[in-house]
Structures are given as structure tokens and as C-alpha cells.
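In our numbering, the protein residues as written are 102 to 801. Working notes for the structure below.
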Amino acid sequence: EPFVADEYIERLAWRTPGGGSRGGEAFDPKRLLEEFVNHIQELQVMDERIQRKVEKLEQQCQKEAKEFAKKVQELQKSNQVAFQHFQELDEHISYVATKVCHLGDQLEGVNTPRQRAVEAQKLMKYFNEFLDGELKSDVFTNSEKIKEAADIIQKLHLIAQELPFDSLMDFCCYPLSSPGKYHDLECQLIQEFTSAQRRGEISRMREVAAVLLHFKGYSHCVDVYIKQCQEGAFLRNDVFEDAAILCQRVNKQVGEVFSNPETVLAKLIQNIFEVKLQSYVKDQLEEHRKSDAEQYLKNLYDLYTRTTNLSSKLMEFNLGTDKQTFLSKLIKSIFISYLENYIEVEIGYLKSRSAMILQRYYDSKNHQKRSIGTGGIQDLKERIRQRTNLPLGPSIDTHGETFLSQEVVVNLLQETKQAFERCHRLSDPSDLPKNAFRIFSMLVEFLCTEHIDYALETGLAGIPSSDSKNANLYFLDVVHQANTIFHLFDKQFNDHLMPLISSSPKLSECLQKKKDIIEQMEVKLDMGIDTLNCMIGQMKHILAAEQKKTDFKPEDENNVLIQYTNACVKVCGYVRKQVEKIRNSMDGKNVDTVLMELGVRFHRLIYEHLQQYSYSCMGGMLAICDVAEYRKCAKDFKIALVLQLFDTLHALCNLLVVAPDNLKQVCSGEQLANLDKNILHSFVQLRVDYRSARLARHFS
């Protein structure tokens, strides 16, 4: 433990008698001092003794250090001597090694010709056996030494290939023996390889394949391997899945058997594509090629997709340097005869199928399609500019039928969607935009022209004249359905066509075609604005039938119990229904445009209608109530201009009841100050008391 002087002194004092209060013993400083002096002396003696011991140890250490240094010097000298001996030994070893290498080279120079001579002697011996026609050597008679026999036969065969023809003629037996033995041994090796493959002996297969590598029949060995691999591999209905499993299994095995596994695996895949898959594809497609275009296209798409998926799986294997091109050529070799005229079959099927869907719909409605006008957009715009005198010809009664069907549209879009998917998969990349545009043109022809456009034309022809009573305005239903359908058409344009043409010149062509379609349809929808004339006509009929002259000039001024007239109630009810119908039928800015036009015409109708009557004081109050109700109805339009017009009309009606003395003040009010004085005067003239001198004087 570390030495602490204070604690040491405390313990010394505690042990000394009289050094502390122990058991009541009195403290004796003298004894304590004496003890301290004695202890100090003892410590001094101990210090001297220890010091002497330290000095002795230091002297001994110095002596040993000198001896150790001397020993190290001796060792260094010994090490230098040993290093010199090592260098001499190394030089001697290098000299001996040089001599040995030189001797080895000399021995090799002598031994190599000797080995060749021995091998030549053996070959000559075997050659003599072939000349004698009797093979006695164990290497030819022992089936277990087939590898050595193959090596000998291969060498003899190469020698025979190098000999001139005249020399071969001298050895007349040789061509009868050696080539025959070469062929027999080759067949024997292939048979041995086949047997080993059936037994599943990979090591024996590898050994035989290595021997056959130098024979002409090596390719035949590979063919046999490929043929046996496929035995029992295609037992299920899914040939593509079977092919993938087979290639996966062979890929693991072929590297253990052959020295060139990628070549063998590529040859297996080529055999599968050119034999199994090509035969399967032909059976599936030729059955429907001429009889059922729909099934033919479905099968073609399915088979091509499954083949490309199989190709993607095979890309994982080592098939050489350019496996992508290799697999693409195999796929092309199978489908080239079907893909060359694919788009013609697609367009022909799409055309007949779309026509059938439309005809089936019209037949279900017992409707015979009539021919529609094909005038250009400019012609339609000219007719719009003159729509107040639009010669629509005799009105056609459609019995409430819009001739638009969501089911038909869904079917047409579904057929086109599938066509786009097939086009994307089956078209050559260079032809893809052009083919997609042709499919889009078919959709435009049958959906937009033959269905939507025809329904709009029929709806326009079915708009009743403005003086028709109880006219049913089905054109708004046509507008509503056409609007919904076109949204579906636009969605398919963006989702399925755009990805196919986005990076090609056909994009601008498709966008322009779509723009022309939209413009043409909007023009025809604009033409349907004449439906508003029918609405106004219906309001006129209601007002003419329900409004009585006595409504605004009652016989008993003091006994008027109604808040507004019956004509006002029916007109407002009719207007609210039409506003709701317009909102449900259209969207966007079209709603505001049509409602503004209807609101302005509605205001003009009420304004002109009020001009036809004379008003007593109570009748004027009732007219104000009617206009207030019309104004409340106008709020449903949510068009600021329409509401402003009815606010002004309501202010004009106040002129029918205001006291003569206040006429000028009311006319100079905020809402009437900017109106023509003739308009104000025309309303004042409607008062029954207008001819009184007092009223005329105040207004003048």
C-alpha cells in the first residue's frame, strides 16, 4: 500500500504506552518523545543498511552489464562470420542450380525425341495391327481402356489425313480398317455418353465428352445430350413453363459435363425455340387465322408475350457474348410470318367488331340509321351565326332516345384498349406510332363520328320549334351523355395512346385530329343553343295560358289574398328544372355561357310580358312580388349579369306603385339613374292612373 506519514505516526503513537488516552491511561509526552527518538534511530540504521545493499546491487548490475556487452560483441562477430559463410553457400547453391538446369535442359532435349520415338513406335505397332487386320493389343480389346484407344485412333486418323493419296493406296487395308475403327469407336463413345446420361453419372459424361471433343462426332454428342434432356420434359400443357424449368435444370448440369457450356445451352435453347415452340405456336394460330380474327389476335398476343417472358428468364443464363440478339432472332424466326401483316388483321377486326357493336345497339332500339350531313366546321359556324333563322328542316321525334349508350362506349373503348396493348407488344418499334395512329383513327371513326356525332345530329334534328307546346327537350340529355363519353375518350387518349406516340411525329397529328373532333362537336353542341328558344317558347305558353289581365288590375283592390300570380309560380318552377338540367348536362365554362344566354332571354321575356298589362296600385304590388320571385329564381343561375338585370327590373316595377310626388326621386335612384328615360316612361305609362293630370305633370 502507498506510504502515508501521518497514518504511520498515528499508529506509532497509538502503540506507545502513554501516547494516547487508552483505558483512562494518562498521556506521557516524555515517553512518546523517547519512543519517537528511538524509532528515528532505528529508521536511520535501517536506511543505512538498505543504502549499502542498494550500492552493492548497483555494483553487481554494472558488472553484469559489462559482461553482457562483451558477450553481445562476441555474438556479433560470430554472426558476421556466419553471414559470410551463408553468402558463400548461397553462391555455391546458385552455381549448382545453374548446372542442374543446364543438365535438365540437356536431358529434356534428349528425352523429348526419345518419347516421341516411343510414341511413334507404339503408333507404328498399332498401325501394323491395322495392316494385319487383327487387333491384339489390350488397349483395343479392353472396353475399360476406351479412352486410350480413342486417343490412338484419333492420332492415326490425323496421320491418315496428312498422307498423300498414293501412299494410302499402298496401304490398301488401312482405309478399310482405320476409318471404320474411327467411326466405330466414335459411335461407341457416343453410346457410352448416352448410357451415362441415362444413369445420371455426371463424371462419366464429363470424361467421355472430353474424349469426344477431338472427334468429328462431338456435335453429334451434343445433339444426343439435347435430345435426351427433352425426353419427358414437355408433359404439361404449359410448354413455356416446361421450357423454363428444363433450361434451369440443364444450366446447372451443362457446366459440369462440357468444356463449352454456353454453346451447348444456346444450342438447346435454339432447338426448343425452332422445334417445340414453333410447332406449338403454329398449331395455336393456324387454327383461327382465317376463321376467327378475335381469337387469332388474342392467341398471337398471348403467345408472343409468353415467348418474350421466357426470353427474359433465359437472359439470366450465360449464352455467349450477344445473348440479347440471339434470343431476339429466335423469337423473330417464330413470329415473323404473323407479325408482317398483324396491323392489317388488327384494323380489319377492329373495324368489323366496332361496326357490329354499333349495329347491335341500333337494332336493339329498332332504329334505322339515317345519313347525316358531312359539312365542314366553317359551314357549321356559318349556320351558328344565323341560328336565329336556322333551317333545321322538319323536326324528328326521337321519343326521348338520345342514341348514346354507355355500354356501347365501354365496349368500343375496351376493344380499342386491347388493340393498343397488342399494338404495343406486336408492332416493330419503327412502326409503332404509325400503327397506333391507325387504331386511333378507327376509334375516332366509330366512337366519335358514327356514335357521338350521329347522336348530336339526330338530337339537333329532334329539337322542336319554339312555338311547340309541351315540347320535350331531349337534346340536353344528349349533351350530358356526349360530355361524359368524351371524357372517357380523352382518358383513353392520354392513358393508352400517348405513351405509344409521345416521342414520334405522329403525336402532333393525333393532337390535331383530337382538336378537330372537339371543335366539331362543340360547334354542334353550340347549335343546340336553339333549345333555349324552345325553353323560352314553353315559358311564353305558360304565361299566355296562366296570366290574366285581372291579375294586375283586380276588381276588388282590398281583397287580394295571393302573394304572386299562378303564372309566376309555374314559370319559376319550369325555369328551375331547366337550370338544373343544364348544370347536369354540361361542365366548365359551357354551363355559365348557356345559363347567361338563357338568363338574358328569360329577362327579356318577362320584361316584354310585363309591358302587355295595365297596373292598379294593388296590381303593381303583385307585379313587384312576381318580379321578386323571378329574381329569386334568377339567383339559381349564379350569373351576376342575370341577377343585375332582374334587380333593375324589380326597381322598374316600383314605378308602378310609387306615389306621384316621389316619381322623380325614384327615377334618379342608383338602379334607375342610368336607364333611358323612354324605358322609365314606358313603365310609368302602364299605371292605370297615368292619364291623370297630376301624374303626367309630375313625370314630365
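Note that the Cβ used here is the ideal one computed from N, Cα and C, for glycine as well.
Taking Pro362 as the centre and dropping the five residues before and after it, the same chain places the C-beta of Val355 and Gly356 closer than 6 Å to its C-beta, in chain order. At least 8 Å separates the beta-carbon of Ala456 from that of Thr503. Sequence-distant partners of Ile327 (beyond 5 residues in either direction) whose C-beta falls short of 8 Å from its own C-beta, in its chain, are Val365, Lys368, Leu369 and Asn372. In chain order, Val672 and Leu706 place their CB closer than 6 Å to the CB of Met640, counting only its own chain and leaving out the 5 sequence neighbours on each side. Sequence-distant partners of Ile643 (beyond 5 residues in either direction) whose C-beta falls short of 7 Å from its own C-beta, in its chain, are Ala668, Lys671, Val672 and Tyr675. Taken atom to atom, the span from the alpha-carbon of Gln613 to that of Asp652 is near 58 Å.
Where Leu744 is concerned, the enclosing alpha helix (DSSP H) starts and stops at Ala741 to Cys754. DSSP, reduced to helix, strand and coil, places Tyr714 outside both helices and strands of the structure shown, so it counts as coil. Taken atom to atom, the span from the alpha-carbon of Phe294 to that of Ser605 is near 56 Å.
Straight-line spacing of the CA atoms in Ile564 and Met628 works out to 10 Å. Non-local C-beta neighbours of Ala735 in its own chain, meaning closer than 8 Å and more than five positions away in sequence, comprise Gly700, Phe703, His704, Val743, Leu744, Leu746 and Phe747, ordered along the chain. When DSSP states are grouped into helix, strand and coil, Arg337 belongs to the coil group. Under the DSSP assignment, Pro362 falls in the alpha helix (DSSP H) whose first and last residues are Pro362 to Asn372. Taking each of Gly560, Phe541, Ala583 and Cys524 in turn and checking the Cα distance to Gln507, the smallest one comes out for Ala583. Here Arg705 is not bridged, per DSSP, to any residue. Note that the C-beta distance between Arg523 and Tyr402 is below 8 Å. Boundaries of the alpha helix (DSSP H) around Asn779: Lys778 to Val785. Taking a 10 Å sphere around the C-beta of Pro214, we find fewer than 16 other C-beta atoms and assign the residue as exposed. If you check the CB distance, Ala114 and Leu133 come in under 8 Å.
Asp554 is classed as buried because its beta carbon has at least 16 other beta carbons within 10 Å across all chains shown. Remark: C-beta atoms of Arg792 and Leu757 do not approach each other more closely than 8 Å.
Looking at the backbone, the Cα of His525 and that of Arg337 are separated by about 30 Å. Collapsing the DSSP output to three states places Arg454 in a helix.
Sorting Asp191, Glu441, Tyr462 and Phe341 by C-alpha distance to the C-alpha of Arg407 places Phe341 at the top. Taking each of Asn536, Gln160, Lys678 and Leu378 in turn and checking the Cα distance to Asp339, the smallest one comes out for Leu378.
Secondary structure at Arg390: coil, using DSSP grouped into helix, strand and coil.
Annotated three-state conformation of Arg350 is helix, per DSSP. Lys470 sits away from Tyr462, with the two beta carbons spaced by 8 Å or more. With fewer than 16 neighbouring CB atoms inside 10 Å of its own CB, Asn410 falls in the exposed class. Setting aside the 5 residues that flank it on each side, Tyr450 is surrounded in the same chain by Ala394, Glu395 and Leu398, each with a C-beta closer than 7 Å to its C-beta; the list follows chain order.
Taking a 10 Å sphere around the C-beta of Pro534, we find 16 or more other C-beta atoms and assign the residue as buried.
In this structure, DSSP gives Arg299 a helical state, which the three-state scheme calls helix. Counted as a single uninterrupted DSSP element, the stretch harbouring Glu551 is not any alpha helix (DSSP H), since DSSP gives it neither H nor E. Excluding its 5 nearest sequence neighbours in each direction, Asp688 has C-beta neighbours in its own chain below 8 Å: Asn584, listed in chain order. If you draw a straight line from the Cα of Gln593 to the Cα of Lys518, it comes to about 8 Å.
By DSSP's assignment, Arg788 forms a beta bridge with Tyr716.
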